[in-house]
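Each residue of the sequence shown is one higher than the one before, starting from 830 at the first, in our numbering. This report refers to the structure that appears directly beneath it.
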Amino acid sequence: MSDLERRRELGRFLRDRRARLTPQAVGLPPGERRRTPGLRREEVAQLTHISTTWYTWLEQGRGSRPSLAVLDALARALRLGPDEHDHLLALCGYTDTLPVERTSGPRVAPAVQTMLDALNPIPAYVINLRYDVLAWNDAQRAFTVDYPRLPAGERNTLWLLFHHPVMRQRFLDWSTDADVMVAQFRAITARQAGRADLVELLNRLTSSSEEFRNRWTRHEVRAVAPRVKQCRHPSTGRIDLEAVTTEIVGATDLRLVAFTPADPASAARLPLLLNHLRSPDLVDAGSRSAR
830 MSDLERRREL
840 GRFLRDRRAR
850 LTPQAVGLPP
860 GERRRTPGLR
870 REEVAQLTHI
880 STTWYTWLEQ
890 GRGSRPSLAV
900 LDALARALRL
910 GPDEHDHLLA
920 LCGYTDTLPV
930 ERTSGPRVAP
940 AVQTMLDALN
950 PIPAYVINLR
960 YDVLAWNDAQ
970 RAFTVDYPRL
980 PAGERNTLWL
990 LFHHPVMRQR
1000 FLDWSTDADV
1010 MVAQFRAITA
1020 RQAGRADLVE
1030 LLNRLTSSSE
1040 EFRNRWTRHE
1050 VRAVAPRVKQ
1060 CRHPSTGRID
1070 LEAVTTEIVG
1080 ATDLRLVAFT
1090 PADPASAARL
1100 PLLLNHLRSP
1110 DLVDAGSRSA
1120 R
C-alpha cells in the first residue's frame, strides 16, 4: 500500500469509527438533535486533546504523521479494541513499534477503558501481575506521567517508582510507598514462582536500582490492601488519596487501581488535575526518566 493509499484508508477508518459512537458512549452530553449519527469531528478532537483542524486533516489524508502519543489518545477516544489499535498504528507506518503489551498477555476490554474514563477526575489505571500499566484515564496521566510518551518497557509502576523523578515529587512518603510495593511484589512472585516475565522484571530492577535491591533483600511480604497516600501535585497542592485495588472479572491477571479522595478537601481539589493536561509540564514529566 502506497503512502497516499494509507492516508486515504486512515481517513476512511477514522470516519467509520467516529460514526459508530454516540456522545453518551464517551461521556459527553448529547446536545441538540444531530443530522448524522456518531460523534462530530470537534468532539473527537476534544477527547484526543488535539485541534479540530488537525483531526480534520487526518480524516482528509493531509498533514504530518501523528505521533504514537496522539494515536494512543485517538484509539482511546474512539474506543478501539486491541486489533483496531494495531491497525491504526499500521496505517500510520508504525508497524515495527507496536507495544509489547499489545502482542501478548491479557488485553483490556473497551468497556474497562470506558469505566476508567468515567472515573475522571479520579486517577485510575489497569495493571497486570507484573505491574505493567496497560490502560489509564486522563486524570492518571495528569497525576503521574504521560504514559503514551513513555517506551512500552517503562510503562510499569515499579520501574517508574524507582526510576522516574516525578514519583518522588508526587508521593510525600515515597520511602514507605516503595517499601509496600516491593513487599507486595515479593508476595506475587512467590505465588507465581517461575514466571519468566516476573523474573525478567525482577532482574531489571535489582540490576538498575540500589534502593529496590536493598528493599528486596529484606524479604518483607504484604498483601494488596487499600492505603491512604499523602500526595502533592502542582495543580492541586497537597491531597490525600486512598489507593483502592480491585480485580477485573474475567481477566484474573488484571487489576484496576483507583486513587479516591480520602477527605473532602482532597475531593474538592481533585478536578484541578485535569487542568494539568494542558500544561507544558506534562510533556516534560512524561518524557523525562532518571537513568
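Positions of the beta carbon are idealized from the N, C-alpha and C atoms, including for glycine.
C-beta contact flag for L839 and C921 at 8 Å:
Cβ distance < 8 Å, so L839 and C921 count as in contact.
How about R970 and L1070: do their beta carbons lie closer than 8 Å?
no
Residues that DSSP places opposite G1066 in a beta bridge:
H1062
Would the beta-carbon of D1006 fall within 8 Å of that of F1014?
no
Determine the DSSP secondary structure at V1050, reduced to helix, strand or coil.
coil
Contact check, P977 vs A902 under 8 Å by CB: the rounded distance?
7 Å
Relative to the alpha-carbon of T1089, which residue among Q889, L850, A1097 has its alpha-carbon at the smallest distance?
A1097
To the nearest angstrom, how far is it from the Cα of P859 to the Cα of Q875?
15 Å
From A898, P950, S1038, L1099, pick the residue whose C-alpha is nearest to that of G856; which is it?
P950
Which stretch, first to last residue, makes up the alpha helix (DSSP H) that contains I1017?
Per DSSP, I1017 belongs to the alpha helix (DSSP H) from 1003 to 1020.
Alpha carbon to alpha carbon, what distance is there between M996 and E1040?
Cα to Cα, the separation comes out at about 14 Å.
Does the Cβ of P952 have 16 or more other Cβ atoms within 10 Å, making it buried, or fewer, making it exposed?
For P952, the number of other beta carbons within 10 angstroms of its own is at least 16, and it is reported as buried.
N985 - partner residues in DSSP beta bridges
D961
A848 to W965, Cα distance in whole Å?
24 Å
Verify whether the separation of the beta carbon atoms of L1027 and V937 is less than 8 Å.
Taking 8 Å as the Cβ cut-off, L1027 and V937 do not qualify as a contacting pair.
At what residues does the beta strand (DSSP E) containing V955 begin and finish?
953 to 956
Under three-state DSSP, which class holds L990?
In the three-state reduction of the DSSP assignment, L990 falls in the helix class, which pools H, G and I.
If you draw a straight line from the alpha carbon of T943 to that of D1008, how long is it in whole angstroms?
32 Å
Contact check, V955 vs L963, beta carbons under 8 Å:
Yes, the Cβ-Cβ distance between V955 and L963 is below 8 Å.
Report the rounded CA-to-CA distance for K1058 versus A1072, giving the unit in angstroms.
7 Å
Rounded to whole angstroms, what's the CA-CA distance from L850 to G1079? Just pull it up for me.
When rounded, the distance between both Cα atoms is 25 Å.
Any idea if N985 is buried or exposed, counting beta-carbon neighbours within 10 angstroms, 16 or more meaning buried?
buried
With distances taken from CA atoms, which of D832, D845, D912, A854 is nearest A947?
For A947, the nearest C-alpha among the options comes from A854.
Chain-order list of residues whose beta-carbon lies under 8 Å from that of S1038 (same chain, five-residue window excluded):
F991, H992
Which residue marks the beginning of the alpha helix (DSSP H) containing V1028, and which one marks its end?
1025 to 1037
Assuming H914 contacts A898 (C-beta within less than 8 Å), just tell me the rounded distance between them.
Contact flag wrong, Cβ pair sits at about 13 Å.
What's the gap between the Cα of S1095 and the Cα of L1103?
Counting only the Cα atoms, L1103 lies some 14 Å from S1095.
Between A1012 and E1049, how many whole angstroms is the CB-CB distance? I'm expecting something under 8 Å.
4 Å
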